[in-house]
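Notes follow once the structure below has been shown.
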Amino acid sequence: MKNMRTMKFTRTALKNLFSPPVTRPYPEQPREYPERTRGHVEIDIDTCILCGLCSRKCPTGAITVNRAEKTWKIERFGCIQCGCCVETCPKKCLTMKNTYTQPGAEKTSDSFLKTNMPAPAAKPVAGQTGAASAQKPAAGQTGAASVQASGKAEA
Ligand code: SF4
Ligand code: SF4
């Protein structure tokens, strides 16, 4: 019986000795996540219309949409990657990426500023009939630029 165990152990030891390691040398060789891994949410802020639907559907309240300040904010460590916001967005400007948020000692949030928001339509002047003419976006309000900023999340 003892010989049998020794034989089995020797066979396993020899097999492992001449096999490639089962672990990878991280971080030199980072792990590649499967395509559908729920890692983190990203936004195409230029397509977003700041409707706030994602914020209302988020079960953890990780998303804050401020139409007055034209910002869309997400608390990365408050997000549980459920994907609800991605499915809900009517403009399909949210996507779930397969890489995870970098770990950190402090809770952070990412804020995106929408710079191409069209100006609200002008109110019709008394006496004028027909459809109100839409105002052209003011200078500086066009373009595809978006600003990303990071900061501490509120407690
Ligand atoms: S649901 Fe989509 S379009 Fe609406 S605020 Fe969220 S990201 Fe923007
Ligand atoms: S993935 Fe889920 S938890 Fe994360 S922001 Fe979207 S709705 Fe909220």
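In the numbering used here, each residue carries its 1-based index in the sequence shown increased by 32.
Backbone N, C-alpha and C define an ideal beta-carbon position, used for all residues, glycine too.
Quantities reported herein were computed from a predicted structural model and do not represent experimental measurements.
Restricting to Cα atoms, I'd like to know which of F109, T120, K146 and P156 is closest to P135. F109
Check the DSSP bridge columns for L126 and list the partner residues they point to. Looking at the DSSP assignment, L126 forms a beta bridge with I75.
Is T120 near ligand 1, with its Cβ less than 7 Å from a heavy atom? yes
When DSSP labels each residue in this structure, what does G162 get in the three-state scheme? Because G162 carries a pLDDT of 45, less than 50, the predicted location of this residue cannot be relied on, and no value is offered for it.
Using 10 angstroms around the beta-carbon of G162, count the other beta-carbons present and answer buried if the total reaches 16, otherwise exposed. Bear in mind that the predicted position of G162 carries a pLDDT of just 45, short of 50, making it unreliable; the figure below should be weighed with that in mind. G162 is exposed by the Cβ-count criterion.
Is V97 a contact residue of ligand 1, with contact defined as CB to any heavy atom under 7 Å? yes
With DSSP as the reference, identify every bridge partner of N98, one or two as the case may be. The partner list for N98 (beta bridge, DSSP) reads T103.
Separation of M39 from K47, as counted between CA atoms: So the two alpha carbons sit approximately 12 Å from each other.
How many angstroms separate the CA atom of A164 from the CA atom of P152? Unreliable positioning characterises A164 in this predicted model, as indicated by a pLDDT of 42, which lies under 50. A coordinate reading is not provided.
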